[in-house]
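Position 387, counted from 1, in the sequence shown is what the working numbering calls 1762; the numbers after and before it change by one each time, with no gaps. Notes for the one structure printed next.
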Amino acid sequence: MENLDWLEWDCTPHSLDFEVTQHGSFPSCIERVELSRGSELKLLALGKGNGDFLQDERIKKLRPGEFVPDSEETIGNTEFGELVRLKGVSLRSSNSNLLEQKVFINAELYEAEVVNCEAPITTHLEWIVNFSLKPYIPSRATTREQYDIFTRKRSEQDKIERNMNRKENMTFDHFCCDCTVEGKKWSLIVGKVTKKVADPKCLPGFIEFLDINNCLPSENTKQIILAALSFTIGRQVVTAGSTSLAEGGDRVSYTVKKVCLLGEENAYKKVSMPPTPLDPTLKQSFVDENKVSSIINAVAAKMKDLNIEYPLLLLWLGQVSPLDVQAAHLGAAIESLRNSYCDLKTTLLPKKVWETAIKEPLLKAFDNATVNLDAVSQESAEVKILRRQLDNLNNKSSNMKYDEFFDLISLKIGEVEKKALRERNKPAHGSRYSSHQYHGLAMTTNALYTLFNRIVIKLTNAADCYIDYSTYGYPVRHIDHPLGGPDGDGCPAKT
């Protein structure tokens, strides 16, 4: 991409927004360029120019709606000597792809990066959205002091300054934890930002990596920590950008990223549903840092082996979907987790035994039984379906696979879990719910969500108890005790 040395970037410290100001005249090939973050925190690039504006051959040939995730466009240096890059371009609309004609550029960006200097990095901040600990309270507070100064100066006399009052504000807004990922230990501060820094609607927060000695966390490390943190607090937390700082607080670089949050507005409104109590007293008070660190570490340690990230995405998708289809997504999350943990046999008998000793004579007997049918009936779809059903008799049912899985991990389940697992079939096959069924359906989807949490806790040894969201009042139960259902008696909700 052509150097735009007339472009000045300015980013607020939290990386949730940034502004771009034009300096000087546009190059002849470009009429207009604007870079901004939209109302839904999406990165947008708007512009108008000809084909020379985009030098990358892949992007020249890009059609509206196509995405080049691995592209990296270097804009160049600003007048302040900062290196600016754009990563990931998706063309939204275009009047023409011909080089000699004007093209309207309406692109969605994945990432925009500005490098301020080359100083050693001591602290890295990852800016996040959809972060909330409610109903728990962060265990550590930030103190902010403000002074109002009275100043008086008269001619030929000394100036007088006096502190009129001292305002102090202390907010419980963060906690600390240690996390080991990919063999490296990270000291983290996790917290929420103030209203003055970002729009509180998007629930902004931060993860601060301390004392990193110029060793930046990899994208994989950050993704694992975000996924483990999301599971721990019971809501999807995603990155919005990052800031790297040198000793003394000078900014080395900052990155602004596209916010990839499932459900967007719905996600912000959802209450947090932690899988297990995060406080030591079980009274929803201050966060227990040791407990949170233990959960994050336990889940992060198994993240790769169990491929927990993908089942978690299905879980969050279920949480922000309409109630009618939540069971399908939550059930898929549990099945994905099951398949990641073990490769269960899909047949009752070994394939060779089934095909030679049972299948062949069974199908032969079926053919003999249908030989007296008229020619039209023999070739009918119904008869062919019956024959295929006989062919599939050796396949294990979904219930059989779940029974085997729960036995394998020594997790006791009851009627509430069994009913919830069956519920996923209804929306998956297009069944409709009537108005009087929604209350029971809500409790059933809560049972699926809780079952997912139980499985993850059991597989990772993250805790010894769980919060039962299938029961009124959300009681805490031992990990080996099954769900209680709405009334806590082990009976499932009626739908």
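All residues carry an ideal CB built from backbone N, CA and C; glycine is no exception.
Residue i bridges to which residues according to DSSP?
| i | result |
| --- | --- |
| A1842 | The sequence shown places Ile at residue 1842, rather than the Ala named in the question. Looking at the DSSP assignment, I1842 forms a beta bridge with V1851. |
| C1551 | I1564 |
| W1502 | F1581 and G1616 |
| K1559 | V1556 |
| R1708 | A small correction: the amino acid at residue 1708 is Ala; Arg does not occupy that position in the sequence shown. Looking at the DSSP assignment, A1708 forms no beta bridge with any residue, so it has no partner. |
| I1512 | F1661 |
| I1496 | A1621 |
| T1596 | According to DSSP, T1596 bridges with nothing at all. |
| V1674 | None, per the DSSP bridge assignment. |
| T1546 | T1517 |
| N1836 | Answer is none; N1836 lacks a bridge partner. |
May I have the straight-line CA-CA distance separating residue i from residue j, to the nearest angstrom?
| i | j | result |
| --- | --- | --- |
| D1766 | L1738 | 8 Å |
| G1859 | C1840 | 14 Å |
| Y1813 | P1850 | 22 Å |
| L1653 | Y1808 | 35 Å |
| E1493 | G1624 | 14 Å |
| R1852 | R1829 | 10 Å |
| N1595 | G1693 | 24 Å |
| S1752 | I1784 | 48 Å |
| I1608 | S1562 | 18 Å |
| I1760 | E1754 | 11 Å |
| C1635 | T1614 | 8 Å |
| E1501 | K1726 | 52 Å |
| R1610 | S1647 | 6 Å |
| S1875 | C1552 | The displayed coordinates of the chain run from 1376 to 1870. Any statement about residue 1875 would go beyond what the structure contains. |
| D1855 | T1825 | 13 Å |
| K1509 | R1626 | 32 Å |
| F1781 | E1790 | 14 Å |
| L1666 | N1672 | First, the amino acid is wrong: residue 1666 is Lys here, not Leu. Their Cα atoms are separated by approximately 10 Å. |
| D1862 | R1763 | 43 Å |
| V1746 | E1735 | 16 Å |
| H1549 | D1663 | 12 Å |
| F1547 | L1687 | 29 Å |
| W1691 | A1750 | 53 Å |
| T1819 | I1683 | 23 Å |
| S1628 | T1618 | 6 Å |
| G1848 | E1622 | 48 Å |
| H1811 | F1827 | 26 Å |
| Y1844 | S1593 | 35 Å |
| P1832 | T1651 | Per the sequence shown, the amino acid found at residue 1832 is Ile instead of Pro. Computed Cα separation, rounded: 9 Å. |
| I1587 | K1771 | 51 Å |
| N1885 | A1732 | An answer regarding residue 1885 cannot be provided, because it is not within the stretch 1376 to 1870 covered by the chain. |
| R1515 | K1633 | 30 Å |
| C1577 | G1616 | 14 Å |
Quick test of your reading: residue i and residue j, contact by CB under 8 Å. State the CB separation rounded to the nearest angstrom.
| i | j | result |
| --- | --- | --- |
| T1870 | E1798 | 7 Å |
| I1842 | P1655 | The Cβ separation is near 15 Å, so there is no contact. |
| L1620 | I1496 | 7 Å |
| Y1643 | N1821 | Their Cβ separation, rounded to whole angstroms, is 20 Å, which puts Y1643 and N1821 out of contact at 8 Å. |
| V1695 | L1637 | 6 Å |
| L1796 | Y1777 | 6 Å |
Going along the chain, which residues of its own chain have a beta-carbon closer than 8 Å to the beta-carbon of residue i, five neighbours each way excluded?
| i | result |
| --- | --- |
| S1669 | A1837 and A1838 |
| L1689 | H1704, L1705, A1707, A1708 and S1711 |
| K1787 | F1781, D1855, H1856 and P1857 |
| N1589 | P1495, I1496 and T1497 |
| F1741 | L1761, R1762 and L1765 |
| N1641 | V1695 |
Output needed for residue i: all residues of its chain with C-beta closer than 6 Å, excluding positions within five of it in sequence on either side, in chain order.
| i | result |
| --- | --- |
| K1346 | Nothing about residue 1346 can be read from this structure; the chain reaches only from 1376 to 1870. |
| V1612 | I1503, N1505, F1506, L1601, L1604 and S1605 |
| I1564 | H1549, C1551 and E1583 |
| R1713 | F1780 |
Can you name, in chain order, every residue of its own chain whose Cβ lies under 7 Å from the Cβ of residue i, other than the five neighbours on each side?
| i | result |
| --- | --- |
| K1559 | none |
| G1815 | A1868, K1869 and T1870 |
| V1568 | H1389, P1579, G1580 and F1581 |
| I1599 | V1556, A1675 and M1678 |
| A1817 | L1698 |
| L1834 | K1677, L1681, Y1716 and I1784 |
| A1803 | A1703 |
| N1332 | This structure cannot speak to residue 1332, because the chain is shown only from 1376 to 1870. |
| P1513 | F1547, D1548, H1549, F1550, G1566 and V1662 |
| E1792 | A1822, L1826, P1857 and L1858 |
| Y1685 | S1711 |
| K1645 | R1610, Q1694 and V1695 |
With a threshold of 7 Å (Cβ to nearest heavy atom), would residue i be considered close to the ligand COA?
| i | result |
| --- | --- |
| K1560 | Looking at this structure, you won't find the ligand COA or any other ligand, since it has none at all. |
Does any residue of chain B have a CB that is nearer than 8 Å to the CB of residue i?
| i | result |
| --- | --- |
| D1862 | Structure shown: chain B not included; a single protein chain is present. |
Tell me the start and end of each unbroken alpha helix (DSSP H) in the region 1603-1661 that is at least 4 residues and wholly inside, in chain order. For secondary structure counted as the alpha helix (DSSP H) over 4 or more consecutive residues, the region 1603-1661 holds these complete runs in sequence order: 1640-1644.
May I have a chain-ordered list of the beta strand (DSSP E) segments no shorter than 3 residues that lie completely inside the region 1680-1753? As for any beta strand (DSSP E) of minimum length 3 sitting wholly inside the region 1680-1753, there is none.
Unbroken alpha helix (DSSP H) runs of length 4 or more, entirely within the region 1782-1820: which are they? For the region 1782-1820, whole alpha helix (DSSP H) runs of length 4 or above, ordered along the chain, are 1790-1798 and 1800-1803.
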